[in-house]
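Chemist:
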Amino acid sequence: MSGLLRRTWFVALVTVIVCSAFAAHAVAALVEADYLAPAPHGAPPLPEVVRPQAPTRTAPDGSGLVERNMFCSTCTPPPPGPGPTKSASYSGKPAVLIATGTGSDAWATVRVLETEVQGSFSIGDTIPGVGKVDRIGGVTIDVLDASGNRGTLSLLGVAAADPGSTGAATPVAEA
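Counting from 605, one number per residue, gives the positions in the sequence shown under the numbering used here.
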């Protein structure tokens, strides 16, 4: 034990050297954090080059190959046949769309002005004098008359006061 008592100055010297090394490391870290700028993380980004858009390309029309007989250069295509002969005017009676209901089972409440028939109709039901309900939307319904012409009843139009007037009560013929 007497050997340690004589060498206490050596333990104190080692302790002072280790503590001064830790203190120097701490001071260096603080100086670096306060005064030195952080290192850049790479090269700055290059400016973006704006390239002009390529013109949109349309698909080639193959109707010329269909119309012309490619095995006969002197043949001409046959003239087009007559189109549909269906009349485009709606022939149903004037009606008023009162309400619509959309969902899994859509319905529309309609009143026919001439006959005072009214009721709720679903898609596929026939409204007497007006036609078959083809589509039910939020504010309009489409009906098909006996000849297959489409008319539209709307909630947004002004209701007709008498059967001869037009407006929301008269289905609009669609082409």
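Virtual Cβ for every residue (Gly too), placed ideally from N, Cα, C.
Can you grab the Cα-Cα spacing for the pair Arg715 / Gly666, in whole Å?
Modeler: Cα to Cα, Arg715 sits roughly 50 Å from Gly666.
Chemist: Rounded to a whole number of angstroms, what is the C-alpha to C-alpha distance between Val618 and Thr612?
Modeler: Roughly 10 Å between the two C-alpha positions.
Chemist: Give every residue of the same chain whose Cβ lies closer than 6 Å to the Cβ of Leu760, excluding the five residues on either side of it in the sequence, and list them in chain order.
Modeler: Same-chain partners within the cutoff: Val743.
Chemist: If we ignore side chains and look at the alpha-carbon of each, how far apart do Gly733 and Ser708 end up?
Modeler: Computed Cα separation, rounded: 27 Å.
Chemist: Please go through the same chain and pick out, in chain order, the residues whose beta-carbon is closer than 6 Å to the beta-carbon of Asp729, but skip the five residues on each side of it.
Modeler: Only Val737 meet the Cβ criterion.
Chemist: Can you give, in chain order, each stretch of the alpha helix (DSSP H) that sits fully within the segment 610 to 675 and has at least 4 residues?
Modeler: 612 to 639, 667 to 671, all fully within the segment 610 to 675.
Chemist: Buried or exposed for Pro640, please, with buried defined as at least 16 other CB atoms from any protein chain shown within 10 angstroms of its CB.
Modeler: The identity of residue 640 in the sequence shown is Leu, whereas the question assumes Pro. By the 10 Å Cβ count, Leu640 comes out exposed.
Chemist: Which of the three DSSP states is assigned to Leu757 in this structure?
Modeler: Residue state, collapsed to three classes: strand.
Chemist: Taking 8 Å as the threshold (C-beta atoms), are Gly741 and Asp749 in contact?
Modeler: Not a contact, by the Cβ cut-off of 8 Å.
Chemist: Cα separation between Arg739 and Glu720?
Modeler: If you take the alpha carbons of Arg739 and Glu720, they lie about 22 Å apart.
Chemist: List the endpoints of the continuous beta strand (DSSP E) containing Thr704.
Modeler: Note, Thr704: beta strand (DSSP E), 699 to 705.
Chemist: Note the first and the last residue of the continuous beta strand (DSSP E) segment covering Asp781.
Modeler: Residue numbering for the chain in the displayed model covers 605 to 779; residue 781 lies beyond these limits and cannot be assessed.
Chemist: Which of the three DSSP states is assigned to Asp738 in this structure?
Modeler: Of the three classes helix, strand and coil, the one that applies to Asp738 here is strand, per DSSP.
Chemist: Start and end of the beta strand (DSSP E) containing Thr713?
Modeler: Here the beta strand (DSSP E) through Thr713 covers 711 to 716.
Chemist: Can you pull the DSSP bridge partners for Thr730?
Modeler: Bridge partners of Thr730: Lys736.
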